[in-house]
Structure formats: C-alpha cells, structure tokens
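In the working numbering, the protein residues as written are 232 to 526. Data first, discussion second: the structure below is written as structure tokens.
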C-alpha cells in the first residue's frame, strides 16, 4: 500500500468521523429507567443458554446473568481499547502531524476514549462490578502495549473489536434487549466500523512487507491473542453473582454447544480476513483451535 493510498484512506475516515460521531454524555439518556425483566444480551447468546444449569434457573436469574455478562464484555472492551490507544500513540509518536494518517490515528484515540467512558458508565448504570481480566492476563496486556509491534498488534485489537462488534450488531436490532444496551451498541458499531477499516488496511500493508521469520512471530502472537481475548469475555464471577458455582458454571459454558457456536459466529468475518493475510496459520494455529473461534 503506497503512502498516497494510505493518506487517501485516512482522509476518507476523517471526513466520515466529522459527519458521524457521537458524544455519549449527550446522545444517551443515562437516567432512563431500565426495563424490568428484559435481557441485556439476546437470550441465545448468554453463555449457559440451553444447558442443564440454564433449565434450572428462573427467568430472573437468566436476565441477571445476561446483565453480568454484558458488564464483563464491556469491561473487557475497555481493557482492549486502552491497549489500542497506547499502541496508536506509540505508532504516531514520530509521525508528521501535518499528514492525514497520524491525524486519523489521533481521531481514533479520541473515539476510543469516549467509548471507554461509555462502557464504564454502562457498567455503573446497570449496577454491576467491573470484571477485570485475571492478573496474569492483565500484566500480559501491559507487556503488549509497551513492547508489541507490527501486524499482530493490529490483529489483536481487530480480534477484540470484531468479536464485540458481532455481539453488538445483533443486540442493537433485538427489541428484547434493554434499550440502554441497544443505544450503547449502536454508537459503538457505527464508530467502530471506521476503526476496523483502518486496522485491516494496516495489517495488509504490514504483512506484505514482513519477512518469513517476522510472519511466523506475528502468527504466534495473533493466535495467542485470540486465545486470551476469547477467554476473557465472560468472567467466572458472573456465575457467582446469580448463585451458581463459578467453576462448575464456567466448565458447563465451555462445553455448551450453543456457546461454542456463538464464539465461532462472533469470529467468522474476522477469521476469514486473518486467514487471507496468513495470520491464522503456522505456529499460531494451535492457539486458534484452543480459542474456540475456529472449528
């Protein structure tokens, strides 16, 4: 990808951002009452849907679990976006600020700042704790944002963003989902489409220039990221909050064919793209299989 094409893409994304951006503080009614008895995720996307435990749960427990899982996914989204923002700042640190490419990167950082605040306010509004990643995973994120580089950095963020996007695109159209969650999803989906375009073009450009050794490294890191991200979405504490044994429920979710299908569904478009650029192959392949994002 030539510098001219890169600049043209950035110019287009900047124009789109100027026309179609949202301020969650203004565009979301945070004081609107939550609808009693309404799910926070499409019911069939809740991790225990269809299991023995699900059949034993009351409607209120099922709704509560959907609320806990939305909070877990939103908190994971904040973690992903914080890594992305720091990565973009590193990439643009030495760039010419008069050109469109770093200007777009800074615009994306501003978007992600608003998204992180929006997700934080959502979790606060629905009254659920922020379910952080496990300590080791959290420290791994600290390492990646400091030392990660190249296409695997963008691929890791793309994995997180596209999985979240798939959940939200379905949820924002489902009238059985809480209106607040649907509005948050709609804003994120509309703005995140620009970020996905940027990340995909960066991956294509950087993978085309990567040496065989670099490609193998990025394949390994991308596969490991897929495993970590997929395993971070629903924290075991969600199950404890509805009176279930967290270990037993997490084990049931991992074995649940409905949830396994949801994971594959969430990564379909993402896996197709990363397969085309060679990032699901080589030393990272075993991690992809363990992630549940591929069959």
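Note that the Cβ used here is the ideal one computed from N, Cα and C, for glycine as well. The structure displayed is predicted, hence computed values, not measured ones.
Around the beta carbon of residue 250, fewer than 16 other beta carbons sit within 10 angstroms, so the residue counts as exposed. For residue 405, there is no enclosing alpha helix (DSSP H), as DSSP marks it with neither H nor E. Distance from the CA of residue 382 to the CA of residue 476, rounded to the nearest whole angstrom, comes to 39 Å. Note: residue 270 is bridge-paired with 408 in the DSSP secondary-structure output. Using a Cβ distance threshold of 9 Å, residue 255 and residue 415 count as a contacting pair. Of the candidates 388, 513, 386, 295, 295 places its Cα closest to the Cα of residue 268.
Relative to residue 487, the option among 281, 258, 400 whose CA is nearest is 281. Following the DSSP letters along the chain, one finds residue 363 in no alpha helix (DSSP H), marked with neither H nor E. Counting other Cβ atoms within 10 Å of its Cβ, residue 444 stays below 16 and is therefore classed as exposed.
Ranked by how close their Cα comes to the Cα of residue 401, the residues 455, 259, 420 have 420 in first place. For residue 470, the enclosing alpha helix (DSSP H) starts and ends at 468-471.
By the criterion of a C-beta distance shorter than 7 Å, residue 356 is surrounded in its chain by 261, 411, once the five residues flanking it on both sides are discounted.
Secondary structure of residue 503 (DSSP, three-state): helix. Of the residues assessed, residue 348 falls on the exposed side of the cut-off, its CB having fewer than 16 other CB atoms within 10 angstroms. Following the DSSP letters along the chain, one finds residue 449 inside the alpha helix (DSSP H) bounded by residues 443-463.
The three-state secondary structure of residue 487, taken from DSSP, is coil. In this structure, the beta-carbon distance from residue 305 to residue 354 falls below 9 Å.
When the beta-carbon positions are compared, residue 472 and residue 287 stay at least 9 Å from each other. The beta carbon of residue 308 lies closer than 6 Å to those of 350, 395 in the same chain, with the five residues before and after it left out.
At the C-beta level, residue 387 and residue 456 come within 9 Å of one another. Contact between residue 276 and residue 493 holds: CB atoms are separated by about 5 Å, below the 8 Å threshold. In the three-state DSSP reduction, residue 522 falls in the helix class (H, G or I). For residue 263, the three-state secondary structure derived from DSSP is coil.
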